[in-house]
Amino acid sequence: MMNSSDEQRSPLKPEHSTPATGPRLDPTIHRRAIALDRIDPDAVKVVRRLMKHDHQAYLVGGCVRDLLLDRRPKDFDVATSARPGEVRSLFRNCRIIGRRFRLAHILFADRKVIEVATFRKDPDEAREREGVDGGPALGGDDDDILIRMDNVFGEPDEDAARRDFTINALFYDLERSEIIDYVGGMTDVERRVVRTIGDPDIRFREDPVRILRAIKFASRLDLGIDPDVLDAMVVHREELARAARPRLLEEVFRLLRGGAAHRSTWLMWETGALSVVLPELAAFLDDDAPGARAVWQGLQAADEIQRSGRVLSDAVLFAVLLGEPLREVAQDADDPGAAIDGLLQPLVERLVLPRKVRDRVRQAMLVQRKLQTPPRGRATSLASRDFFADALDLYEVGVRAAGVAADSALEAWRAAQQLTGTADSPRPRARRRGGRRRRRVAAEG
Ligand code: ATP
Ligand code: MG
């Protein structure tokens, strides 16, 4: 637990702050020295250069959360008082992205990106406070509070308040070794609980994708979910259908990546989110179909593989998730390929699942039986097909799910794969350069 002597209330008003537009919140300051060797040196450089030029600059969001939870952050984001143009003038390796909300990406070696975002506020609140006309944030009916824009600069407290969960809204001041907490996030990190900032009913209605994000953080970081937040997730699950579909699909893939697919899927099922996002799978699990157990075992096996650092493609993850229902429809079909496509087509339309992924899922599924017997000869034409790596990964998931320690066919096919040179070297998934934030804020419904 926190030592209260470590904590102090402080107005933390920086000298160079822009004039406040309303009553400012005071943060709680927690002294926390985070070892510098756990922080990306380029992120440190970016923060220091901004501060040297009299801007406020903090690490923010997922990286602070992960550092406090003793995990290695995936990437480092910086929040600053500097406007995007000012950031660009300080860094040669800087690119401004985003049309509605402009962000700076500072580019480093190995495709590394440090994202630098100017403090911003919730556009609705901005309009109330200042009469800003930012265009329609509300949809047709008065009940529709879906956020459609997010492009008003603000102060640190406003920037914290617009974020989704308290654990994601902490700032870290590198120079003073202090956590700046406007939302009670530090307590939630220590209690290991996911809690929305503010009323969960409102926050999930504003952006239903947050329901999946809550599931992701709870699963991946092994956290609990606050009971009121969990209730609100269940109540508002149907609203996931209103979310922008590309965001929905991306969030589903994020749930499946990173080694917590089993717990994520289970939580989606428990909350009812699964029946909105993937009704085909929810129905299969609800019916307690004979293959239901295999679905869970497959997800566990995929988690094991991913936790060992290997990357499974989106097609493989999707095939693991839907493999059992797909196998069932393909089993007695005259044309198994068409049967698989038939089951996937609503997903292609509903979730805008790329056709390329659908085709890969089908191709990988159709050769599973073939992979059960070792190849004849040194290499076969199958091993040189472009879908082979995915097909073999899917087969390996199946082998592990069945609890088989060593499968001679798997080993032989892996060897054939090496010979044809089609083995995908396991690369860490690169941070996306651009697009992500814009999609996140532009929930077209
Ligand atoms: P991850 O480790 O998965 O990248 P993250 O917390 O960094 O986790 P991102 O999706 O990269 O998550 O988003 C960065 C930050 O932006 C979050 O920590 C959160 O503060 C804020 N954020 C992201 N999505 C939303 C959202 N839908 N609503 C409000 N704030 C959000
Ligand atoms: Mg992130």
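Adding 49 to a residue's 1-based position in the sequence shown gives its number in our numbering.
Just so it is clear, CB atoms sit at the ideal spot from N, CA and C, and this is done for glycine as well.
In this text, all values refer to a predicted model and were calculated from it rather than measured experimentally.
Mind checking whether the beta-carbon of residue 161 lies closer than 6 Å to any heavy atom of the ligand ATP?
Short note on residue 161: C-beta not closer than 6 Å to any heavy atom of the ligand ATP.
Assuming the contact rule is C-beta atoms closer than 8 Å, residue 114 and residue 219 should be a hit. Round their C-beta distance to whole Å, please.
7 Å
Under the three-state DSSP convention, the category residue 167 falls into:
strand
Of the residues 305, 104 and 116, which one's Cα is nearest the Cα of residue 83?
When only C-alpha atoms are compared, the closest one is 116.
Residue environment, residue 145, which counts as buried when at least 16 other CB atoms sit within 10 Å
exposed
On the three-state DSSP scale, how would you describe residue 96?
helix
By Cβ distance, which residues of its chain are closer than 6 Å to residue 443, with the 5 residues on each side in sequence left out?
365, 368 and 413
Hey, could you find the ends of the alpha helix (DSSP H) residue 440 is sitting in?
437-450
Checking 7 Å against the spacing of the C-beta atoms, do residue 232 and residue 209 come in under that value?
In this structure, the beta-carbon distance from residue 232 to residue 209 falls below 7 Å.
In chain order, each alpha helix (DSSP H) run of at least 4 residues that lies wholly inside the stretch 120-149
Counting whole runs of 4 or more residues, the stretch 120-149 contains the alpha helix (DSSP H) stretches 133-139.
Count Cβ pairs between the stretch 301-315 and the stretch 266-273 that sit closer than 8 Å; are there 3 or more?
Yes, they touch.
Inter-residue Cα distance where the pair is residue 445 and residue 455
10 Å
Grouping DSSP H, G and I as helix and E and B as strand, with all else coil, what is residue 191?
Here the model assigns residue 191 a pLDDT of 43, short of 50, so the residue's position is not dependable and the matter cannot be decided.
Length of the line joining the Cα atoms of residue 243 and residue 273
6 Å
Simplified DSSP state of residue 227, which is helix, strand or coil:
strand
Segment contact flag, the stretch 118-131 with the stretch 73-92, C-beta cutoff 8 Å, min 3 pairs
yes
Consider the Cβ of residue 291: report whether some Cβ of chain C lies at a distance smaller than 7 Å.
No chain C appears in the structure shown, which is made up of a single protein chain.
Going by Cα to Cα distance, which pick from 441, 425, 424 and 314 is closest to residue 410?
441
Contacts around residue 151, its chain only, beta-carbon distance under 6 Å, and the 5 residues preceding and following it disregarded:
Answer for residue 151: 133 and 145, listed in chain order.
Would you kindly work out how many angstroms separate the C-alpha atoms of residue 350 and residue 317, rounded to a whole number?
18 Å
Figure out for me which residue from 77, 323, 104 and 234 has the closest Cα to the Cα of residue 400.
323
Looking only at its own chain, which residues have a Cβ that is under 6 Å from the Cβ of residue 450, when we skip the five neighbours before and after it?
346, 347 and 350
Helix, strand or coil: how does DSSP classify residue 102 here?
coil
Could you check if residue 123 belongs to the surroundings of the ligand ATP, using beta carbon to heavy atom distance under 6 Å?
yes
May I ask you to list the residues that DSSP assigns as paired with residue 162?
For residue 162, which the question treats as bridged, DSSP gives the partners 156.
If we call anything under 7 Å between Cβ atoms a contact, is residue 422 one with residue 458?
yes
Measuring alpha carbon to alpha carbon, tell me which of 131, 100 and 127 ends up nearest residue 162.
127
Collapsed DSSP secondary structure at residue 306 in the structure displayed:
coil
Examine the ligand ATP and report whether any of its heavy atoms sits within less than 6 Å of the Cβ of residue 213.
Answer for residue 213: yes, Cβ within range of the ligand ATP.
Could you pull out every residue in the same chain whose Cβ sits closer than 7 Å to the Cβ of residue 153, ignoring the five residues on either side in sequence?
133, 136, 137, 143, 145 and 165
Using 8 Å for Cβ pairs, my map puts residue 204 next to residue 73. What's the rounded Cβ distance?
6 Å
Does DSSP classify residue 429 as helix, strand or coil?
In this structure, residue 429 counts as coil in the three-state DSSP scheme.
Report all residues from its chain with a CB closer than 6 Å to the CB of residue 223; omit the five preceding and five following residues, and keep chain order.
Closer than 6 Å at the Cβ level, and outside the excluded window around residue 223, lie 96.
Can you tell me whether residue 80 is helix, strand or coil according to DSSP?
strand
Grab me the residues of residue 157's own chain with a C-beta within less than 8 Å of its C-beta, minus the 5 sequence neighbours each way, in chain order.
91, 142 and 163
Pick from 363, 391 and 112: whose alpha carbon is nearest that of residue 438?
363
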